[in-house]
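Quick mapping for you: the protein sequence lines, in order, are chains A and B.
Residue numbering for the first sequence follows the working numbering, starting at 151 and increasing by one per position.
Residue numbering for the second sequence follows the working numbering, starting at 1247 and increasing by one per position.
A short write-up of the structure that comes next.
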Amino acid sequence: MNFDLTAFKISDSKLVLKQAANEIVKLNAETAQFGLYLTGEQAMELAETRDISLKDSGRIELGVGIILNIIKTFCDSPYLSKYNYADTINELVEMFYYYKNETMDLISDQELLEWMKASFDGVCEGSIELLGSREMERMARNVRFGRDPFSPGAFEEADEDEVRGEEEEEDYEYGWD
Amino acid sequence: MSMDGIEKKSLIDRTLLNPEHYFSSLIQEAHAKKLISDAEMERVQIELIENLSEAIKGKEDGFSSSMRVEAAQSLMDSRVFQIGLCLKSYESPEAAVEAIKEEKMSDLSKKGIAVALEKMESAKELYSQALKNRIQTGNNGYNVMMDEKASRFFAKYDPYFGAQETHGSLRYPVASVSAPLAGIEFMEEYLSSLCCENIFCGRFQGEYINRLSCFKEENRRFNIFEQVFSAALGLKLCGRSCADLGLCREDIKEIAGKLGGKTPREQAKLIAVACGEVFEETALNQVDADPLQRFDARSYIIGWIPKLTEEIILAAKRGALEGFFPVSQSVQDARGGRRLLFSLGKNMSEADYRKMIADILRCELIFEKVSIILDRVRSLADLDNLFFDAELDSNAIIEIFKQLAPEELAAIHRRHFGSKGEDIYSISSDELAFREILKEFIGSLHEDLKDKVMVAIEDIEFE
């Protein structure tokens, strides 16, 4: 018997995907109050997105996992409507696993989700592009530099520090006091 | 009629079971022998995944619902190892297979953790025992292992989430490892081997052990027990007491003489008798086994002797006994007195060396090759390298030997025959052929010259 996890391919099976999709569809009962609803097809697509994202990020998750939490956290966002709901959740799922790796697993699922939601509703004003390319990137960089991950100024401070460091180096090179 | 002596025939061949990956090898064998059905295999796999899911939850404790594949694989390996530990405790592989069929994987895993914890306690006791009997030596590998590595293992070992991990290599090698093992099983076996080796080495005074030639380099990696036993055995083969481990080069020549011209069976018999004498003089026959049966020095050494015998016979066949038996520096100094300090010289630049090799390879005639070598080589270090790099044949090598002084020939001899504790199985065929040419050449020299070379071989020391 092979105990190599990569050989199991458990998440490949249609049955597992279908089970996940069913769980997602069940959440419609909660999200309906916000006018948000996923069809069976969209739920299946979401389960597949999760599967691909996990593979791309070299991670494993047993059970339906984070999708349900993402939906529960984001469903009351003022920036979600029936027109962008499915696409946004798909993007958020991809982003979530990518940044779990980028933050070196130092931030818990819940902390990361709450911060994503706050940024999405706050400074990003519902822009998933800004969330992914600016806010999440800044946060991941803060983690890697050992700073407070959620501090909005830390990124700029870091840049200033680096620029100052480079200037000092230049001064030294030319022999200025 | 008594049926006690009749052993129940086993359906599973124990020799096919891998001690390091016991569970996977057992279940594969059982499946091949149709003791486990496809459906049962599937159940095991599903339960293992469920078990892994629980383990991830336990490890992450709500922190994260996903983890990197490598981390999850390590968790899975840990679970599989724990189950293997539990299954090993059954009296037969068939009984273990029944347990796989009847019990839940999570239960087997829990039992495995209990076994791992027990083994950890036992290994800790073995460690304190090994510390009590430790050899007083300046050998870094041994001291680092005794002082740091072993205790670091206990600090890091996690029987729950990393039961199969060994946490870095224990660079100090033991003489005999019975089977490949992992995790706490490996550590327990390693420490019990170490206790046995320490007990034997404890029969000799530390100062005698530290005088063995292998201790000259503090950082060299070797097993102390092997060297001590080899020295004691060498002395017994010469019919002397082994108490002071005072083997010298003349003794090794005597051993070569005694083993020479005998069949391997006769050589093995001689070695076996000498081993018996070592046991007698060190009173090893009277050592009681550990009351808890965790180790037995006598059995351990007896189990290792066939490997030693094989190595000695091979070394004798290859004329490399001098590299096998460690000599006692103090005895050698007292006997020899004279020392010949030899410098290998400075290597030429890499570019010059490459150009020279290319030029030699282009030459067709031996005298052209030799003249390039004599013209450009200024150090023994370069000369020694080019024997192989320039693809010289035996005639060219002999032509070069003819140009060398006895001391230079001796230095080359020592470089090729004098490495102590050499793994004789790893010598290349080129090296063996070169040694043969060198040996024949020295043997063909005029008696006076040969004597000079032989004396220089014994006295030479490299700077």
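Glycine included, C-beta positions come from ideal geometry on N, C-alpha and C.
Please read these numbers as outputs of a predicted model, since none were measured by experiment.
Buried or exposed by the 16-neighbour rule on C-beta atoms within 10 Å, applied to H1659/B:
buried
Quick check on L1298/B - is its C-beta less than 8 Å from some C-beta in chain A?
yes
Taking one C-beta from the region 1339-1350 of chain B and one from the region 1272-1280 of chain B each time, how about it: are there three or more such pairs within less than 8 Å?
yes
Minimum C-alpha distance to R1441/B - residue among L1427/B, C1488/B, L1377/B, S1459/B
Per the sequence shown, residue 1441/B should be read as Cys rather than Arg. For C1441/B, the closest of L1427/B, C1488/B, L1377/B, S1459/B by C-alpha to C-alpha distance is L1377/B.
Compare the beta carbon distance of N1456/B and T1383/B with 8 Å and say whether it is the shorter of the two.
Yes. Within cutoff.
So which residues of chain B does R209/A contact, with C-beta pairs closer than 7 Å?
S1312, M1313, R1314, V1315
At a Cβ cut of 9 Å, what residues of the region 1627-1639 of chain B count as close to chain A, listed as they run along the chain?
none
Verify the CB distance criterion: does I174/A have a CB-CB separation below 8 Å to chain B?
no
Rounded C-alpha distance that separates D1490/B from Q1451/B
8 Å
Looking at Y229/A: is its Cβ nearer than 8 Å to the Cβ of A290/A?
no
F305/A by DSSP, collapsed to three states: which one?
Only weak support exists for where F305/A lies, its pLDDT of 49 falling under 50; the value from the coordinates is given anyway. In the structure shown, F305/A sits in a helix (DSSP, three-state: H, G or I).
Does R284/A come out as helix, strand or coil in the three-state DSSP assignment?
helix
Could one say the Cβ of I1619/B lies closer than 8 Å to chain A's Cβ atoms, at least one of them?
no
Anything in the region 232-253 of chain A with a Cβ closer than 8 Å to a Cβ of chain B? List those residues in chain order, please.
Y247, K250, N251
Between F1471/B and chain A, is there a C-beta pair that is closer than 8 Å?
no
Rounded to whole angstroms, how far is the Cβ of L263/A from the Cβ of T199/A, which I believe are closer than 8 Å?
The pair is not a contact, with the Cβ atoms about 16 Å apart (cut-off 8 Å).
Expected contact under 8 Å - CB spacing of D1712/B and Q1410/B to nearest Å:
The structure shown does not extend to residue 1712/B, since chain B is modelled only from 1247 to 1709, so the question has no answer here.
Taking C-alpha atoms, which residue in K1515/B, I1559/B, S1397/B, R1260/B lies nearest to A1425/B?
Taking only the C-alpha atoms, the option nearest A1425/B is R1260/B.
I want to verify the contact list: residues of chain B whose CB lies under 9 Å from the CB of I221/A, in sequence order.
Within 9 Å Cβ-Cβ: nothing; I221/A doesn't reach chain B, min ~14 Å.
In chain A, which residues lie less than 8 Å from F1525/B when you measure between Cβ atoms?
Correct list: empty, because the minimum Cβ distance to chain A is about 45 Å.
Please confirm if F305/A has its CB atom under 8 Å from at least one CB of chain B.
Below a pLDDT of 50, predicted positions are generally treated as unreliable, and F305/A, at 49, falls in that range; no measurement from the model is reported.
Quick one: is G215/A near chain B, going by C-beta distance under 8 Å?
yes
Test item: CB-CB of F1399/B and G1480/B under 8 Å
no
Less than 7 Å between C-beta atoms, sequence neighbours within five positions excluded: which residues of the same chain meet that for S301/A?
N292
L1530/B beta carbon less than 8 Å from that of I1710/B:
Here chain B has residues from 1247 to 1709 only, and residue 1710/B is not among them.
Quick check on the burial criterion: 16 or more other C-beta atoms within 10 angstroms. Buried or exposed for H1692/B?
Flag for H1692/B reads exposed.
Could you confirm whether any beta carbon from chain B is found closer than 8 Å to the beta carbon of L204/A?
yes
Under 8 Å between C-beta atoms of E173/A and C225/A:
For the 8 Å CB-CB criterion, E173/A and C225/A do not form a contact.
Examine chain B for any beta-carbon lying closer than 8 Å to the beta-carbon of L188/A, and answer yes or no.
By this cut-off, L188/A is not an interface position.
Under the DSSP definition of a beta bridge, which residues are partnered with L1458/B?
S1574/B
Just to check my reading of the structure: G213/A and S1299/B have Cβ atoms closer than 8 Å, yes? What is that Cβ distance to the nearest angstrom?
Confirmed, about 7 Å.
Starting from I239/A, trace the beta strand (DSSP E) both ways and give me its first and last residue.
Here I239/A belongs to no beta strand (DSSP E); instead the alpha helix (DSSP H) covers 235-252.
Considering only their Cβ atoms, is the gap separating F1327/B from A1428/B smaller than 8 Å?
For the 8 Å CB-CB criterion, A1428/B and F1327/B form a contact.
Could you tell me which uninterrupted alpha helix (DSSP H) segments, each at least 4 residues in length, are contained entirely in the region 1373-1419 of chain B, listed from first to last along the chain?
Listed in chain order, they are 1386-1390, 1396-1402.
In chain order, what residues of the same chain have a beta carbon less than 7 Å from the beta carbon of E1286/B, not counting five sequence neighbours either side?
Excluding residues within five positions, the ones whose Cβ falls inside 7 Å are K1347.
Going along chain A in order, which residues have a C-beta closer than 7 Å to the C-beta of I1302/B?
L212
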